[in-house]
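As numbered in the UniProt record's numbering, residues 1 to 391 make up the sequence shown, in order.
Notes for the one structure printed next.
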Amino acid sequence: MNLKAETPVACPVCGAFQYRKLYPEYAGRCITSQMFFLDDVVLDNRVCTACGCIFNARGVRGIEEQVYSNATWKPKPQLLNFSSGTVVSSHQKALDTFLDLYQPPEFGRLLDFGAGTGAFLACFQARYPRWEITAIEPGDGFSSLRQQVTLHAAYNTPYYLVDTDATFDMIVVTSVLEHVANPLHALEWIRSHLTEDGVLLMQHPNFEKLPGDLFCADHINKLTPSLLKALSAAAGFGTFAENNDGVMFYQAQSLQERSQMPSAECVAQALRVAEACEQTAISTIECVRQAVFSARKKGGRAAVFGTSPIGSMAHLLLDCKPDIACFVDENPNVWGRDIDTIPVIGPEDMKKMNVTDLALAISPVYWQAVQEKMKAYAVAVHVPNQPGQPD
Numbered sequence: 001m002n003l004k005a006e007t008p009v010a011c012p013v014c015g016a017f018q019y020r021k022l023y024p025e026y027a028g029r030c031i032t033s034q035m036f037f038l039d040d041v042v043l044d045n046r047v048c049t050a051c052g053c054i055f056n057a058r059g060v061r062g063i064e065e066q067v068y069s070n071a072t073w074k075p076k077p078q079l080l081n082f083s084s085g086t087v088v089s090s091h092q093k094a095l096d097t098f099l100d101l102y103q104p105p106e107f108g109r110l111l112d113f114g115a116g117t118g119a120f121l122a123c124f125q126a127r128y129p130r131w132e133i134t135a136i137e138p139g140d141g142f143s144s145l146r147q148q149v150t151l152h153a154a155y156n157t158p159y160y161l162v163d164t165d166a167t168f169d170m171i172v173v174t175s176v177l178e179h180v181a182n183p184l185h186a187l188e189w190i191r192s193h194l195t196e197d198g199v200l201l202m203q204h205p206n207f208e209k210l211p212g213d214l215f216c217a218d219h220i221n222k223l224t225p226s227l228l229k230a231l232s233a234a235a236g237f238g239t240f241a242e243n244n245d246g247v248m249f250y251q252a253q254s255l256q257e258r259s260q261m262p263s264a265e266c267v268a269q270a271l272r273v274a275e276a277c278e279q280t281a282i283s284t285i286e287c288v289r290q291a292v293f294s295a296r297k298k299g300g301r302a303a304v305f306g307t308s309p310i311g312s313m314a315h316l317l318l319d320c321k322p323d324i325a326c327f328v329d330e331n332p333n334v335w336g337r338d339i340d341t342i343p344v345i346g347p348e349d350m351k352k353m354n355v356t357d358l359a360l361a362i363s364p365v366y367w368q369a370v371q372e373k374m375k376a377y378a379v380a381v382h383v384p385n386q387p388g389q390p391d
């Protein structure tokens, strides 16, 4: 693979070929959002300087659906949310947040646009058993979806191949638009299947708080609240409620007249966000390097806290896999798994693996809280520098 060769890929939203390239310059094995690796992947992140779209020109672009329909794919472990003081599944957290933004009636017609294994729909159906549910899921999660949820209709195909004239009172999109080839086209399809007084509920990872997405092979679009609002407005939606508190952002939208994307404003903001994310990503990789170097001097081992894309890729960028004893995570659902054959363990097991140095490779949102928690385990905790902070 030739990293230096420019790939003539147009912006998926506006079709322009003008862009600013982003870190990293990388080709090889690459992690996906589902915690499995793909070989021969090129990361070619860009900001379109015509409309402000942030995207990976390569990654899995062009083979989006096939990635989740092969022998490599397996369901991602259930993620847990720790932010509310009580631990809940990420899907229950999503439902609870949506209900803070919008209270649906007790019955209606719902479409889940990219339903995965059905974990969110199972939470929804338990709360709203009278709703008629339709689901689209192009990947191998479809079989689990059919087992978990009672469905009126289900489609195991990409949305643009779904043959239906049905309209829905509510459409839910949870962590989908970062995966599709053209998020604006997807939103326009959604608009055509929403009733005139219907509601669109969306949850997506906030790139501004998750700079590690620069390393994620299948997050081919990097979304922020402002960028999604601009895309939605161009598709004919207006946001009437939102929650941007965590690393995932939520928007509740309804139909409005289509409007032009404010290109100059979108570009300026996208460049600011992308540059800050680049600096945090570079600092995080350097943080892992420092942890490895420190552990070597002590005769110990280094570990990486978190299973995010950036942490999962650090040993490949630094060529230091033998130095990484393990990945550490508070979520027991990932314990016992491995990332590129490196085990994932809980914090209590670090001592058994002679871990002396722990690098935080997680969202900056969690740096301070995790640093405080890890003090109890007698390891040196390495925290990335904030952009603009001296080394």
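Think of the CB as a built atom: it goes at the ideal place given N, C-alpha and C, for glycine as much as any other residue.
Contact belief for residue i with residue j at Cβ below 8 Å, rounded distance in angstroms
i	j	result
GLU137	GLY116	6 Å
PHE168	LEU194	6 Å
LEU22	CYS30	Not a contact, Cβ separation roughly 15 Å.
THR341	ALA380	The pair is not a contact, with the Cβ atoms about 25 Å apart (cut-off 8 Å).
GLN269	GLY52	7 Å
Cβ-based burial, residue i [other Cβ within 10 Å; buried from 16]
i	result
THR164	exposed
ALA378	exposed
GLY118	buried
SER175	buried
ARG127	exposed
VAL247	buried
LEU110	buried
SER192	exposed
LEU198	It is worth fixing the name first, because residue 198 is Gly in this sequence and not Leu. Its Cβ being crowded by 16 or more others within 10 Å, GLY198 is buried.
ASP338	exposed
ILE63	exposed
GLY212	buried
PRO12	buried
ASN354	exposed
PHE240	exposed
ARG301	buried
PRO347	buried
residue 398	As shown, the chain starts at 1 and ends at 391. That puts residue 398 outside it, with no answer to give.
ASP245	exposed
ARG258	exposed
LEU227	buried
According to DSSP, residues forming a beta bridge with residue i
i	result
residue 418	The chain is shown only over 1 to 391; residue 418 falls outside these bounds and no answer can be derived.
MET170	LEU110 and VAL199
ILE285	BP columns for ILE285 are empty, so no partner.
ASP357	ALA302 and ALA380
ARG20	VAL47
PRO105	Bridge partners of PRO105: none, in fact.
PRO225	Beta-bridge pairing links PRO225 to no other residue.
Alpha-carbon to alpha-carbon, residue j and residue i
i	j	result
ALA264	ASP218	27 Å
MET261	VAL180	19 Å
TYR155	LYS298	55 Å
VAL149	LEU201	19 Å
VAL344	SER90	19 Å
MET313	ILE171	34 Å
GLN253	VAL173	11 Å
TYR366	PHE207	15 Å
VAL42	SER308	18 Å
GLY139	PHE120	16 Å
GLN147	GLN279	44 Å
ASN243	GLY236	20 Å
VAL383	PHE305	10 Å
TYR26	ALA57	13 Å
GLU330	PRO205	20 Å
ALA16	PHE293	43 Å
ALA186	LEU318	37 Å
DSSP three-state assignment for residue i, whether helix, strand or coil
i	result
SER259	coil
SER254	strand
HIS185	helix
ALA50	coil
GLY28	strand
LEU210	coil
TYR159	helix
GLY346	coil
PRO332	helix
ARG130	coil
ALA178	Checking the sequence, you will find Glu at residue 178 rather than Ala. Coil at GLU178, not helix or strand.
HIS219	coil
GLN10	Before going further, note that residue 10 is Ala rather than Gln in the sequence given. Reduced to three states, the DSSP call for ALA10 is coil.
SER90	helix
ARG58	coil
GLU137	coil
PHE240	strand
TYR366	helix
ILE190	helix
ASP323	helix
ASP40	strand
ARG154	Contrary to the premise, residue 154 reads as Ala rather than Arg in this sequence. Here ALA154 sits in strand by DSSP.
ILE310	helix
Below-7 Å beta-carbon distance, residue i vs any chain B residue
i	result
LYS229	No chain B is part of this structure, which consists of one protein chain only.
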